[in-house]
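Report on the structure given below.
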Amino acid sequence: MKLIDSHCHVHFNAYKEDMDEVIQKTLDEGVFMITVGTQKDTSKHGLEVAERYEGMWATVGLHPNHTVEQEFWDDDELSPDEQATPKIKTRAEAFDMAYYRELVRHPKCVGIGETGLDYYRIPEGVDKETVMKNQEATVRAQFDLATEADLPVVIHCRDAYAEQAMLIQEYLDAGKLSRRGVIHCFTGTREEAQRFLDQGFYISFSGIVTFSKALQEVAKTIPLEKLLIETDAPYLTPVPDRGKRNEPWRVKFVAEKIAELKGVTVEEVAEATVKNTQSIFQLDQK
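Under our numbering, think of the first position of the sequence shown as -17, with each following residue one higher.
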């Protein structure tokens, strides 16, 4: 059974001691993967790693949390064991269009992101409006690049689904973002998901769906033909391995939970999500 982890960070420092072993184990289990950039150095490194492996691709972009300097444990995103994944530290970084324009020329680059609006994690002691405006400007720059390069966008969104949908709609109305994209690690409501579906976006579920009852109810309603699965590794380790560092091969547990929720076989989920991921990122052309 073939699977694709549509969103992981297997090139991050959490794997600095065993990255190649983790990637090979994942591939040996029949799981392909897209490793996702979050700032300049991780975007470049992701491409460098992906070019060494068949069945691996990368995206490049600037995560909203990297537009302002901060440091935090994220109890919603990290596993319960603080030692399983490192503390998240970010530095303020501006989106460098010229730099990313060069990165998207790489044959293993399949998307822009992760980018988006995150109003959940805004550090104390900074002007909230300034941070929000900076995030929006950063998203706009990446939407422009995605349009220019004819690539899909990988959207990270927390506590800003309405604002994110409005910004997407503005671009769609202008004839931009023709490749659309995916709302990664979706944790919103059925109504919020429907708005993105109506805009032509896919919805991706992470390991959170294995333990969040509310999200499980949402997942039941998302058509298989519009659904992706992911790990967001090293974060969001699914049941039954909560407390361990996440790895891309564990996307199989997400597939199993989706199959259970929808009353279909895991093979059906695998086939649909592989097809969806290949379609949105045009993996057969890379």
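For each residue, glycine too, the CB sits at the ideal point set by N, CA and C.
Euclidean distance between Cα positions of residue i and residue j
i	j	result
E174	I165	11 Å
H(-9)	K22	14 Å
V288	V13	Given a span of -17 to 268 for the chain in the structure shown, any question on residue 288 remains unanswerable.
T97	E75	13 Å
Closest by C-alpha distance to residue i, when choosing among the options
i	options	result
V92	A144, Q181 and G28	G28
T49	A119, T41 and F235	A119
L179	Y143, P89, D78 and M1	Y143
S188	R172, K(-2) and K239	K239
L133	V42, K202 and K195	V42
Y82	D266, F125, K115 and A156	F125
S261	R172, G225, Y184 and F235	Y184
A241	H(-11), R224 and Q198	Q198
N116	R103, L99, E130 and L127	L99
M79	S186, V31, F193 and R122	R122
P220	T97, K257, C167 and R87	C167
K244	K110, N258 and V200	V200
CB contact flag (residue i, residue j, <8 Å)
i	j	result
S25	L(-15)	no
G182	I137	no
A237	V246	no
V233	D0	no
R224	P216	no
V31	H88	no
Cross-strand partners of residue i (DSSP beta bridge)
i	result
V136	V164
G93	T41
S186	L210
L85	Beta-bridge pairing links L85 to no other residue.
D0	D0 is not bridged to any residue.
L(-15)	V13
V191	Answer is none; V191 lacks a bridge partner.
Cβ-Cβ separation, residue j to residue i (assumed contact under 8 Å), whole Å
i	j	result
M(-17)	P230	With a Cβ gap of about 15 Å, M(-17) and P230 do not count as contacting.
H45	T20	4 Å
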